[in-house]
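Numbering (my numbering), first residue to last: 5 to 106.
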């Protein structure tokens with residue numbers, strides 16, 4: 005079923021983190037229902053809204069990094085493309101920022 009997808013370690017870790025976040029957020033919601041609040045995002049959001057927005061942002065960071073990896077290699081005169089772990093860390097930082105301050 006998933007033969008078309010390249011399951012590298014970073015990709016697997018990324019999807020496992022997403023699954024764990026969804027499970028954790030579900031448990032958290034049952035234990036402590038969320039309320040709307042307003043951070044630096046231009047709308048009032050719940051925890052689930054911020055998770056969704058953060059996951060979208062994380063996915064875009066990863067896609068942009070993958071798309072520009074060859075350019076980064078050229079611009080920085082690297083022998084190989086930069087590691088995808090860099091975009092994973094950046095995307096998780098962005099997700100945490102949106103969840104905390106958004």
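Idealized CB from N, CA, C, for every residue including glycine. Everything numeric in this text was worked out from a predicted model, so none of it was measured.
Please report how far the alpha carbon of residue i lies from the alpha carbon of residue j, in whole angstroms.
i, j, result
"residue 87", "residue 34", "38 Å"
"residue 7", "residue 17", "18 Å"
"residue 57", "residue 78", "32 Å"
"residue 20", "residue 28", "12 Å"
"residue 52", "residue 100", "13 Å"
"residue 32", "residue 48", "19 Å"
"residue 65", "residue 96", "10 Å"
"residue 76", "residue 26", "32 Å"
Let me confirm a value: residue i is counted as buried when at least 16 other C-beta atoms fall within 10 Å, else exposed. Which label applies?
i, result
"residue 1", "This structure gives no information on residue 1, because the portion of the chain shown stretches from 5 to 106."
"residue 42", "exposed"
"residue 81", "exposed"
"residue 69", "buried"
"residue 71", "exposed"
DSSP three-state label for residue i, please.
i, result
"residue 41", "strand"
Answer yes or no: do residue i and residue j have a C-beta to C-beta separation smaller than 8 Å?
i, j, result
"residue 59", "residue 22", "yes"
"residue 40", "residue 50", "yes"
"residue 63", "residue 98", "no"
"residue 54", "residue 9", "no"
"residue 89", "residue 37", "no"
"residue 73", "residue 83", "no"
"residue 24", "residue 106", "no"
Identify every run of the alpha helix (DSSP H) within the stretch 11-40, keeping only runs that are complete inside it and at least 4 residues long; order them along the chain.
Secondary structure within the stretch 11-40: the alpha helix (DSSP H) runs of 4 or more consecutive residues, fully enclosed, are 13-35 (chain order).
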